[in-house]
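**Student:** If you count by UniProt numbering, then the sequence shown holds residues 1 to 245, one letter each, in order. Take a look at this one; I'll ask things after.
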Amino acid sequence: MGKTNRTRLTPAEKPNRIAEWREKRGLTLEALAEATGFSTGYLSRMQNGSRNVSLKNLAKISEALKVPVADLVPEGEEVPPGGEASPIPLPKGMVRVIGIAKAGLFREVESLAYFVHDPIPAYPDTEFPHARQFAVLVEGDSMNAATPVPIPDGAKCICVDFDDINIPLRSGMKVVVEQIRDGGHLREWSVKEVKLFADRVEYHPRSTSREFKPIVVPKDATADTGRVVRVLGLVREVNARMPIS
């Protein structure tokens with residue numbers, strides 16, 4: 001008989017990397033549970049390897065953490081070809097639009113799974129050739145006065161994953177920032193400009209409107225602001241349609 005593809009990954013003797021990536025993403029177990037629909041107890045057992053992880057469930061976790069399935073399995077473990085965990089390959093020169101970036105709009109994490117947008121064209125990033133690319137759809141005018149390139153309502157920002165490029169934040173960078181609050185139940189994505197200070201990092205809007213405020217993150221690791229803030233991506237291109245007049 002021919003060899004069949006496995007549909008389950010190995011348990012306890014080879015702990016997976018779910019907890020490692022969850023912590024890198026700044027998510028609590030409760031936040032990951034909310035994003036995936038799994039209970040915290042089930043996720044805890046999956047993390048410590050005391051429960052087999054089906055390929056279908058691992059795919060859900062990989063989507064919530066924004067990492068490939070292969071990055072979650074134990075080192076040396078094989079991900080079976082095909083099946084639900086294999087994303088539909090994109091045509092060359094296309095990137096996925098993963099969600100909406102709108103300053104001040106916190107959405108329930110669960111609702112974000114229903115965002116659907118066609119892939120858009122993008123050139124390979126020659127400066128960061130090994131970094132994953134993604135795009136966000138900008139809503140609102142919080143960055144319509146950005147320089148040197150304005151980012152108007154309806155623009156699509158093509159980004160490289162910040163975890164992949166291994167460079168420090170610099171003042172002036174345009175980045176996609178994620179804020180998570182209420183124990184992981186609410187999440188906001190927005191495009192901001194970085195400003196570095198000795199004791200804090202500020203993520204500023206660049207808008208003709210005064211309604212938008214910066215996100216201020218103290219560098220004191222012990223400071224409890226009741227939220228998690230992290231940079232998802234570095235904006236590399238802005239794709240926007242020119243108005244007729």
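Cβ coordinates follow ideal geometry from the N, Cα and C atoms, glycine included. Fair warning: this is a prediction, and the values are worked out from it, not measured in the lab.
Using alpha carbons as the reference points, say which of Gly41, Leu90, Pro91, Leu72 lies closest to Lys56.
**Tutor:** It is Leu72.
**Student:** Using the Cβ count rule (16 or more neighbours within 10 Å means buried), how would you classify Ala210?
**Tutor:** According to the sequence as given, residue 210 is Arg; it is not Ala. The residue is exposed, with fewer than 16 neighbouring Cβ atoms inside 10 Å.
**Student:** Mind checking which residues open and close the alpha helix (DSSP H) that includes Ser190?
**Tutor:** Here Ser190 belongs to no alpha helix (DSSP H); instead the beta strand (DSSP E) covers 186-196.
**Student:** Do Ala135 and Ile120 count as a contact pair if the criterion is CB distance below 8 Å?
**Tutor:** Yes, these two residues count as a Cβ contact at 8 Å.
**Student:** On the DSSP bridge assignment, give the partners of Met94 in chain order.
**Tutor:** BP columns for Met94 point to Pro121.
**Student:** Does Ala101 get closer than 8 Å to chain B when you measure Cβ to Cβ?
**Tutor:** Protein chains in the displayed structure number just one, and chain B is not present.
**Student:** Please report the distance separating the alpha-carbon of Leu105 from that of Gln47.
**Tutor:** For Leu105 and Gln47, the distance between alpha carbons rounds to 31 Å.
**Student:** Go ahead and pull the three-state DSSP assignment for Asn16.
**Tutor:** Correct three-state label for Asn16: coil.
**Student:** DSSP puts residue 246 in a beta bridge; with which residues?
**Tutor:** As shown, the chain starts at 1 and ends at 245. That puts residue 246 outside it, with no answer to give.
**Student:** Quick one: measure Cβ to Cβ for Ser142 and Pro205, integer angstroms, because I've assumed they're closer than 8 Å.
**Tutor:** Contact flag correct, Cβ pair sits at about 4 Å.
**Student:** If I follow the unbroken beta strand (DSSP E) through Leu137, where does it start and stop?
**Tutor:** Here the beta strand (DSSP E) through Leu137 covers 133-138.
**Student:** On the criterion of 16 or more Cβ atoms from any shown chain inside 10 Å, does Tyr203 qualify as buried, or is it exposed?
**Tutor:** So Tyr203 counts as buried.
**Student:** Within its chain, find whatever has a CB closer than 6 Å to the CB of Tyr42; leave out the 5 residues flanking it on each side and keep chain order.
**Tutor:** Taken in chain order, the list of residues that qualify is empty.
**Student:** For the beta strand (DSSP E) containing Glu237, name the first residue and the last one.
**Tutor:** It spans 227-239 - the beta strand (DSSP E) in which Glu237 sits, taken as one unbroken run.
**Student:** Give me the residue from Glu139, Arg107, Gln179, Leu234 with the minimum Cα distance to Asp164.
**Tutor:** Closest option to Asp164, Cα to Cα, is Leu234.
**Student:** Given a cut-off of 8 Å, decide if Gln179 and Cys159 are closer than it, judged by their beta-carbon atoms.
**Tutor:** No, the Cβ-Cβ distance between Cys159 and Gln179 is not below 8 Å.
**Student:** Going by DSSP, what residues sit across from Ala33 in a beta bridge?
**Tutor:** Answer is none; Ala33 lacks a bridge partner.
**Student:** Note down the Cα distance separating Ala145 from Val97, rounded to an integer number of angstroms.
**Tutor:** Their Cα atoms are separated by approximately 23 Å.
**Student:** I need the DSSP call for Ile165, collapsed to helix, strand or coil.
**Tutor:** DSSP places Ile165 in helix when its eight states are reduced to three.
**Student:** Starting from Lys174, follow the beta strand (DSSP E) in both directions and report where the run begins and ends.
**Tutor:** Note, Lys174: beta strand (DSSP E), 174-181.
**Student:** Could you tell me whether the Cβ atoms of Ile100 and Leu65 are closer together than 8 Å?
**Tutor:** Taking 8 Å as the Cβ cut-off, Ile100 and Leu65 do not qualify as a contacting pair.
**Student:** Taking only three categories from DSSP, how would you classify Pro81?
**Tutor:** Unreliable placement is indicated for Pro81, whose pLDDT of 42 sits below 50; the coordinate value is still reported in the next sentence. Coil, per DSSP.
**Student:** Rounded to whole angstroms, what is the Cα-Cα separation between Ile167 and Glu127?
**Tutor:** Each residue's Cα considered, the two are about 12 Å apart.
**Student:** State the start and end residues of the unbroken alpha helix (DSSP H) segment that holds Leu65.
**Tutor:** Here the alpha helix (DSSP H) through Leu65 covers 55-65.
**Student:** Below 8 Å on the Cβ atoms is my contact criterion, and I expect Gly154 with Arg241 to pass it. Report the Cβ-Cβ distance as a whole number of Å.
**Tutor:** Indeed they touch by this definition, with Cβ atoms about 7 Å apart.
**Student:** Nearest by alpha-carbon distance to His117: which of Val149, Lys156, Pro148 is it?
**Tutor:** Nearest C-alpha to His117: Lys156.
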